[in-house]
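As C-alpha cells, the structure follows; a few thoughts come after it.
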Amino acid sequence: MIAKQLIEPKSIVVVGGSDDIHKPGGTVLRNLQDGNFKGSLYVVNPKMDEVQGIKAYRDVKDLPEVDCAILAIAAKFCPSTVEVLAKQKNTKAFIILSAGFHEENEEGAKLERQIVETINSVGGSLIGPNCIGVLTNHYSGVFTSPIPELNPQGVDLISGSGATALFIMDSGMQKGIKFNSMYSVGNSAQLGVEEILEYMDESFDPKTSSRVKLLYVESIEKPEKLLKHASSLIRKGCRIAAVKSGGSAAGSRAASSHTGALASSDVAVEALFRKAGIVRCNGRDELMTVAGIFMHPEMKGRNMAVVTHAGGPAVMLTDALSNGGMDVPHIEGEKAQELLTKLFAGSSVGNPIDFLATGTAEQLGYILDACDQDFDNIDGMAVIFGSPGLFPVFDVYRVLDEKMKTSKKPIFPIFPSSKIVKDEIAEFVSKGRVYFPDEVLFGNALCKIYKTPAPQPEHFEMPDMDVKKIREVVNNAQNGYLSPDEIHTLLDAAGVARAKEGVSDNEEEIVKMAKEIGFPLVMKVVGPIHKSDVGGVVLNVSDEETVRREFKRMMQIKDTYAIMLAQQLSGTQVFIGAKRDDKFGHMVLCGLGGIFIEVLKDVKAGLAPMSKDEAHGMIKELKSYKIIQGVRGQEPVNEDKFAEAVMRISALVKVAPEIFEMDLNPLLGNKDNVVAVDARIRIEK
1 MIAKQLIEPK SIVVVGGSDD IHKPGGTVLR NLQDGNFKGS LYVVNPKMDE VQGIKAYRDV
61 KDLPEVDCAI LAIAAKFCPS TVEVLAKQKN TKAFIILSAG FHEENEEGAK LERQIVETIN
121 SVGGSLIGPN CIGVLTNHYS GVFTSPIPEL NPQGVDLISG SGATALFIMD SGMQKGIKFN
181 SMYSVGNSAQ LGVEEILEYM DESFDPKTSS RVKLLYVESI EKPEKLLKHA SSLIRKGCRI
241 AAVKSGGSAA GSRAASSHTG ALASSDVAVE ALFRKAGIVR CNGRDELMTV AGIFMHPEMK
301 GRNMAVVTHA GGPAVMLTDA LSNGGMDVPH IEGEKAQELL TKLFAGSSVG NPIDFLATGT
361 AEQLGYILDA CDQDFDNIDG MAVIFGSPGL FPVFDVYRVL DEKMKTSKKP IFPIFPSSKI
421 VKDEIAEFVS KGRVYFPDEV LFGNALCKIY KTPAPQPEHF EMPDMDVKKI REVVNNAQNG
481 YLSPDEIHTL LDAAGVARAK EGVSDNEEEI VKMAKEIGFP LVMKVVGPIH KSDVGGVVLN
541 VSDEETVRRE FKRMMQIKDT YAIMLAQQLS GTQVFIGAKR DDKFGHMVLC GLGGIFIEVL
601 KDVKAGLAPM SKDEAHGMIK ELKSYKIIQG VRGQEPVNED KFAEAVMRIS ALVKVAPEIF
661 EMDLNPLLGN KDNVVAVDAR IRIEK
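In terms of UniProt numbering, the sequence shown opens at residue 1 and continues consecutively.
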C-alpha cells in the first residue's frame with residue numbers, strides 16, 4: 001500500500017539538509033526548491049539554524065507534523081530518526097537516500113529491518129534505502145541532476161538502480177523524451193518495482209495517467225504481482241518496456257533433464273514478460289529507443305516507408321526492418337510516378353525513397369503527403385535526415401514537425417548528425433518532439449515491439465482432466481522419478497496422447513506385451529538417463545525372436561532395471577517439458593525433440609497456466625517452425641494438437657505443483673496427431 005503522502009505530500013522535511021549542493025542532502029533540498037514544491041519545506045541539521053534560506057531544526061523532535069521525510073544521514077542514525085517521525089510527527093512517507101544497509105553487511109540489514117517494522121506499524125511507505133529518490137509532478141525528491149522536464153503524458157520510470165535511472169533519464173532527455181515520474185527503489189526494503197507498478201495500475205486514470213512505463217529490474221521478487229499489474233496496465237492502453245539485468249546462467253542449479261538444463265531464471269523472465277506483453281530490452285539505449293517509439297502514434301501494420309537523403313543509412317534501416325520481420329514494400333504505379341516528377345533528377349521512390357543530398361524541405365513534404373494519402377501499402381514513415389554541414393536544415397525539421405501534426409500514419413524522425421545540426425534538433429525537441437539518433441537501433445527496436453505479443457487473457461478456460469486421479473498418483477508418490485506406470489496414469493488423466501506401451505523385467509511378460517501392443521515395436525531400457533548413448537534403444541522390432549534377444553542384451557546395461565515396449569510411430573520428433581522455479585512457478589517449454597533439443601536448443605517457454613492461443617504463439621516463435629509446418633515434402637506436425645498438448649501439460653503442473661521437472665521427449669507429430677512416446681517426471685514435495 002502506497003501512502004498518499006508519498007505521491008502528493010503537503011509537507012516535506014530533509015533530514016541532513018545542507019548548504020553544500022555537492023552532497024545528497026544539499027542537492028535534494030535545492031531540487032525541491034527549484035522544482036517549485038508548493039507545500040511546507042523543513043530542514044533538520046544539528047549544526048545550523050538556516051540552510052539554503054530555510055529555517056533549520058536542530059532535532060527531528062522539534063519539527064511540526066510532516067507528511068514526507070527525505071533522509072540523507074548516516075545509516076546508523078536512520079532507525080531512531082524514523083521512529084520519532086513515524087510515532088511522533090505523523091510522517092507516513094519516507095525516502096532514505098543513505099547507503100550502508102543490507103547491501104553492505106548484516107548489521108546494515110538489521111537496521112533496515114528495524115526501519116521497515118517501524119514504518120509498517122504506522123501504515124507508512126518507504127522508498128529505499130540506498131536510492132536517488134522520487135520524482136513526480138508534485139515534487140523533485142531526488143539528489144541528482146539535471147532534472148528532466150516533467151509532463152503528465154511523459155514516461156513513468158521505475159528503477160532498481162539509482163545510477164541506472166539517472167543514465168536512462170539523461171539518455172531520454174537528449175532524445176526529447178519527457179518524464180512524468182521516476183521511482184528509484186534502491187534496496188526495495190518495503191516497496192519494490194512490483195509495488196510501484198501495482199500503485200500505477202490501481203490508480204490509473206485513462207484521462208490523466210501516463211501511457212508509457214519503463215522498468216529497470218535487477219531482481220524480480222514477486223513475479224505474479226508484476227505479471228498481474230503489467231498486463232492489466234497494457235490492457236488499459238499502456239505500453240511497457242523493461243530491462244532485466246543479471247540473467248546469466250552462472251550459478252544455476254544442475255539439472256538431470258533437458259528441461260532443467262534449458263529452463264534458467266532468465267528463461268522464466270522472458271516468459272513472464274512475454275505473457276504480460278512487456279517489451280524486453282537489452283540495455284539503456286534500446287530501452288529509450290523503444291520509449292521514443294512508444295511516444296509516437298502506434299503503427300497499424302508492419303509496412304514502412306524509408307525516406308532519406310542518404311543511401312547508406314536507408315539500406316541499413318531496410319536491412320534491420322526486413323531481418324526483424326517488418327516490411328519495406330516496393331512503391332510503384334501512377335501515384336509513385338507523379339511523386340517522382342516533383343523530385344530532382346536521380347531521385348528514387350521505389351522504397352527506400354531517396355530524394356538525394358540536395359533534396360529540399362518542400363520535396364520532403366510532397367513525399368510525406370504521398371505516403372500518408374496515396375500509398376495504401378504503407379503504414380508508417382521513417383525519415384532519415386542528417387546534414388553534411390553545408391547548410392542549415394531548420395526548414396526540413398519544421399516541415400517534419402508540421403506533417404507529424406496532420407499525418408494519419410506515424411512519422412519517425414531519425415537524425416544521425418546530432419552535433420552538426422544540434423541547434424536544429426534543439427528547436428525540434430523544444431516543440432515536444434522525440435527523435436532517434438541511430439537508424440539501426442530504431443529499426444531493431446521497432447521490430448522488437450512488433451513481435452511482442454499482447455498480454456495473455458487473465459482468465460481462460462482450462463482443459464478437462466481427471467484431477468482426482470492426478471492427485472492420487474502424486475499423493476502416493478515419493479520424491480524422485482515416477483515409474484512408467486505412474487507416468488502413464490498421469491498423462492492419461494491429463495488427456496495427453498501417448499503411445500501404447502508396457503514395462504517389465506520379466507522376459508515372458510515382455511513377449512506377451514509385444515503381442516498385445518503389436519509390431520513394429522520400440523524397446524527402451526528403464527533406468528539410464530540417456531538411453532541412446534548406452535545402446536538402450538532399439539527400433540523396428542518386428543518379431544518375437546528379436547524381442548527375446550534384445551531383452552537379454554539390454555537388461556545387462558548398467559543401471560537398467562526393466563525394459564519398456566512401445567508401439568513404433570512415425571512423425572516429426574517434438575518436445576514438451578516443464579520445470580518448477582521457486583519464484584516464477586512452472587515454466588513449460590516446447591520445441592523440436594530427440595537429439596535436436598541438445599543440438600539446436602531451439603525452445604520457447606511460457607509460464608503455467610497457458611491458453612491454447614499462448615501455446616500456438618510459442619510454437620510459431622520457434623526458429624524451427626518451418627519444420628513443424630512441413631518442408632520439402634515432409635509431413636507437417638498437427639500444430640493444433642501440439643498446442644493442445646502444451647496447454648494440457650501447463651494445466652497438469654498447476655494441478656500437481658509437486659512436479660519439479662518433466663520431459664516428454666520425444667513426442668511424434670504428424671498431420672493427424674501428436675503422441676508422447678517417452679517421458680520422465682520428477683517429483684519434489
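Backbone N, C-alpha and C define an ideal beta-carbon position, used for all residues, glycine too.
Query: Opposite Asn303 in the DSSP bridges: which residues?; Result: Asp327
Query: Alpha carbon to alpha carbon, what distance is there between Lys213 and His586?; Result: 27 Å
Query: To which residues does DSSP link Ser348 through a beta bridge?; Result: Asp354
Query: Let's test the definition: count the other Cβ atoms within 10 Å of the Cβ of His22 and tell me whether it reaches 16, buried, or not, exposed.; Result: exposed
Query: Check whether the stretch 125 to 135 and the stretch 182 to 189 touch, using three or more Cβ-Cβ pairs below 8 Å as the test.; Result: yes
Query: Residues in the same chain with beta-carbon distance under 6 Å from Val538, minus the five sequence neighbours each way, listed in chain order, please.; Result: Met523 and Glu550
Query: State the start and end residues of the unbroken alpha helix (DSSP H) segment that holds Ile420.; Result: Segment: none, Ile420 is in no alpha helix (DSSP H) and carries neither H nor E.
Query: How close, in whole Å, do the beta carbons of Leu227 and Ala276 come, if the pair is a contact with beta carbons under 8 Å?; Result: 5 Å
Query: With a threshold of 7 Å on Cβ separation, who are the neighbours of Gln568 within its own chain once the five nearest residues in sequence on each side are excluded?; Result: Pro520, Leu521, Val522, Leu539 and Asn540
Query: Have a look at Arg280 and Glu270 and give me their C-alpha separation to the nearest angstrom.; Result: 8 Å
Query: What are the boundary residues of the alpha helix (DSSP H) that includes Met554?; Result: Glu544 to Met554
Query: Whether or not the stretch 139 to 146 and the stretch 197 to 213 are in contact is what I'm after, with contact meaning three or more pairs of Cβ atoms, one per stretch, closer than 8 Å; do they touch?; Result: no
Query: What did DSSP end up calling Leu482 once you bin it into helix, strand or coil?; Result: coil
Query: In terms of alpha-carbon separation, which member of Gly480, Glu516 and Val15 lies closest to Leu63?; Result: Val15
Query: Whose CA, out of Gly346, Pro437 and Leu339, lies closest to the CA of Ser387?; Result: Pro437
Query: Starting from Gln567, follow the alpha helix (DSSP H) in both directions and report where the run begins and ends.; Result: It is not in any alpha helix (DSSP H) - Gln567 instead sits in the beta strand (DSSP E) that spans Ala562 to Gln567.
Query: Would you say Ala645 lies against chain B (beta-carbon separation less than 8 Å)?; Result: The chain inventory of the structure shown lacks chain B, comprising one protein chain alone.
Query: According to DSSP, simplified to helix, strand and coil, what is Ala679?; Result: strand
Query: How about Leu368 and Ile411: do their beta carbons lie closer than 8 Å?; Result: yes
Query: Below 8 Å on the Cβ atoms is my contact criterion, and I expect Asn45 with Gly17 to pass it. Report the Cβ-Cβ distance as a whole number of Å.; Result: 6 Å
Query: For Ile557, does the three-state DSSP call read helix, strand or coil?; Result: coil
Query: Mind checking which residues open and close the alpha helix (DSSP H) that includes Cys590?; Result: Note, Cys590: premise wrong, no alpha helix (DSSP H); beta strand (DSSP E) at Gly585 to Leu592.
Query: When you compare only the Cα positions, how much space is there between Leu668 and Gly108?; Result: 56 Å
Query: Using a Cβ-Cβ cut-off of 7 Å (strictly less than) and excluding sequence neighbours within five positions of Glu198, which residues of its own chain qualify?; Result: Lys225 and His229
Query: Would you give the residue range spanned by the alpha helix (DSSP H) that Leu227 belongs to?; Result: Pro223 to Arg235
Query: For Gly443 versus Ala320, is the C-beta distance shorter than 8 Å?; Result: yes
Query: DSSP on Met110, reduced to helix/strand/coil?; Result: The residue you asked about is not Met; residue 110 is Lys in the sequence shown. Lys110 falls in the helix class under three-state DSSP.
Query: Is the beta carbon of Gly246 less than 8 Å from the beta carbon of Glu218?; Result: yes
Query: Is DSSP giving Asn444 helix, strand or coil here?; Result: helix
Query: Using a threshold of 8 Å, state whether the C-beta atoms of Ile619 and Ala643 are closer than that.; Result: yes
Query: Are there three or more Cβ pairs, one per stretch, closer than 8 Å when the stretch 424 to 435 is compared with the stretch 393 to 402?; Result: yes
Query: Can you have a look at Glu516 and say buried or exposed, based on whether 16 or more other CB atoms are within 10 angstroms of its CB?; Result: exposed
Query: If we count the other Cβ atoms within 10 Å of its Cβ and call it buried at 16 or more, is Ile168 buried or exposed?; Result: buried
Query: What does the Cβ neighbour count give for Thr341, buried or exposed, with the cut at 16 atoms within 10 Å?; Result: exposed
Query: Skipping 5 residues on each side, what residues in its chain have a beta carbon closer than 7 Å to that of Lys451?; Result: Gly325
Query: Which ranges would you report for the beta strand (DSSP E) in the stretch 33 to 84 if only whole runs of at least 3 residues count?; Result: 40 to 44, 54 to 57 and 68 to 71
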